[in-house]
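First residue of the sequence shown? That's 130 in my numbering, and the numbers climb one at a time after it.
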Amino acid sequence: MNASSRVVVGVDGSATSFDAVRWATHEALRRHTSLEVITSSLFAPGTYGDAVGLRVGAFSDPDVEAKRVLTEATDVVRSALDGQQLQLETRLEHGSAARVLTNLEVKPAMIVLGSRGLGEFTGGLMGSVGSAVLAHATCPVAVIKPGGVVDGPIIVGVDCTSSSQPAIGFALKEASLRGVDLVAVHAWSDLELGSVLTRDDDGPWANSDFAERTSLAESLAGWSADYPDVVIRRVVVQDRPVRELLHASEMAQLVVVGSRGRGGFASLLLGSTARAVIHSVDAPVVVVPTER
């Protein structure tokens with residue numbers, strides 16, 4: 130699949146989807162890229178076959194509501210731009226919103242959704258549509274909520290495996306674009322016991338806290354050279370990841386997690402931690418796909 134730097138936002142006419150449009154507009158401006166606003170209608174355009182059955186209204190425009198949504202979304206973008214310039218494209222598709230967003234011909238840099246909505250795009254985020262987009266998208270997916278501290282840091286969850294690297298890279302880029310600190314959170318109470326017991330009991334690895342701090346430092350090694358302008362703060366706690374991320378998010382403007390961590394089965398495309406964070410955290414959340 131080809132890739133582009135554009136930001137894509139799904140809109141359904143709900144207030145939260147327009148919140149997503151505003152957030153996506155600011156994100157596109159920060160990245161100096163284009164914005165694409167997409168809505169979907171489940172009604173297929175009428176065909177001559179409909180005339181055979183004499184279906185009333187077969188040739189009326191079934192997309193009136195979808196077009197209204199796109200018009201309103203365009204007004205939201207213009208208001209958010211506040212005089213700044215941005216390349217904007219709008220698109221009306223037919224069929225399942227989940228299919229539309231997960232089968233884009235050219236992969237975007239990010240897909241943005243509201244946390245709740247009226248229609249298929251965001252109605253019941255962790256229902257079929259939200260789950261499908263979050264689990265199957267091959268680019269980061271931002272779930273926008275009304276909370277978050279405007280000038281707060283970026284929080285990234287780190288499990289100290291290679292699965293964390295895409296999320297770390299994304300979070301550092303966001304922190305650099307926004308001019309804020311990055312807080313890397315590693316909670317290790319869910320550490321598999323065997324990985325501790327196989328370490329050298331006579332060496333420094335006998336101290337689990339020291340081991341986890343070392344693992345976090347190794348996970349972040351090299352990134353400072355790529356983003357020298359970002360101050361990285363490390364947090365290592367013996368706690369459940371979701372609880373610590375929820376606590377850290379209280380003063381954050383954005384929380385970043387990987388789609389899957391070290392736990393569970395590889396076939397589960399969206400991990401339990403990512404799901405729980407989306408449900409629990411009030412700030413915007415970005416789920417970054419891990420390699421699979």
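Quick reminder that beta carbons are idealized off the backbone N, C-alpha and C, glycines included.
Exercise. Does the region 196-212 come close enough to the region 143-154 that 3 or more CB-CB pairs lie under 8 Å?
Worked result: Yes, since at least three Cβ pairs between the region 143-154 and the region 196-212 fall closer than 8 Å, the two stretches touch.
Problem set entry | Three-state secondary structure (DSSP) of E165 | The answer is strand: DSSP assigns E165 an E or B state.
For this session: Give the range of the alpha helix (DSSP H) segment to which V206 is assigned.
Result: Where V206 is concerned, the enclosing alpha helix (DSSP H) stretches over 193-210.
Exercise. From E194 to T162, what does the alpha carbon distance come to, in whole angstroms?
Worked result: Annotation: E194 to T162 spans about 28 Å, alpha carbon to alpha carbon.
For this session: Identify, in the order they occur along the chain, each residue of the same chain with its Cβ nearer than 6 Å to the Cβ of R220, setting aside the five sequence neighbours on each side.
Result: Cβ contact annotation for R220 (same chain, cutoff 6 Å, sequence separation greater than five): I167, in chain order.
Problem set entry | Beta-carbon spacing of R113, E165 below 9 Å | Here the chain comprises residues numbered 130 to 421, so residue 113 is not present and cannot be evaluated.
Exercise. If you scan the region 352-420 from start to end, which runs of the beta strand (DSSP E) of 3 or more residues do you find wholly inside it?
Worked result: Every unbroken stretch of the beta strand (DSSP E) spanning 3 or more residues and falling wholly within the region 352-420 is given here in chain order: 361-366, 383-387, 414-417.
Problem set entry | Limits of the unbroken beta strand (DSSP E) element including A316 | A316 -> beta strand (DSSP E) spans 311-316.
Exercise. Under the three-state reduction of DSSP, which class applies to L263: helix, strand or coil?
Worked result: If DSSP states are grouped into helix, strand and coil, L263 belongs with the helices.
Problem set entry | Coarse secondary structure for S170, derived from DSSP in three states | The answer is strand: DSSP assigns S170 an E or B state.
Exercise. If you count every other CB in all the chains shown that lies within 10 Å of the CB of E144, and 16 or more means buried, which is it?
Worked result: According to the sequence displayed, residue 144 carries Ala and not Glu. Exposed, by the Cβ-count rule.
Problem set entry | CB-CB length for A316 against E373, believed under 8 Å | About 4 Å separates the two Cβ atoms, so the contact holds.
For this session: Go ahead and label F188 buried or exposed: buried means 16 or more other beta carbons lie within 10 angstroms of its beta carbon, across all protein chains shown.
Result: At F188, the pLDDT of 48 sits below 50, so the modelled position is not reliable; the number obtained from the coordinates is stated separately. With a threshold of 16 other beta carbon atoms within 10 Å, F188 falls short and is exposed.
For this session: Please report the Cβ distance between V365 and D338, rounded to the nearest whole angstrom; I am assuming they are in contact, meaning their Cβ atoms lie under 8 Å.
Result: In this structure V365 is in contact with D338, their Cβ atoms being roughly 7 Å apart against a cut-off of 8 Å.
Problem set entry | Residue closest to N232, alpha-carbon to alpha-carbon, out of C268, D204, R245 | When only C-alpha atoms are compared, the closest one is C268.
Problem set entry | Beta-carbon contacts of V279 that lie in its chain and below 8 Å, excluding the five residues immediately before and after | For V279, where only same-chain residues beyond five positions count, the Cβ hits under 8 Å are Q382.
For this session: Could you tell me whether the Cβ atoms of F147 and V205 are closer together than 9 Å?
Result: Closer than 9 Å, so yes.
Problem set entry | Residue span of the alpha helix (DSSP H) that contains T145, given as start and end | DSSP places T145 in the uninterrupted alpha helix (DSSP H) bounded by 144-160.
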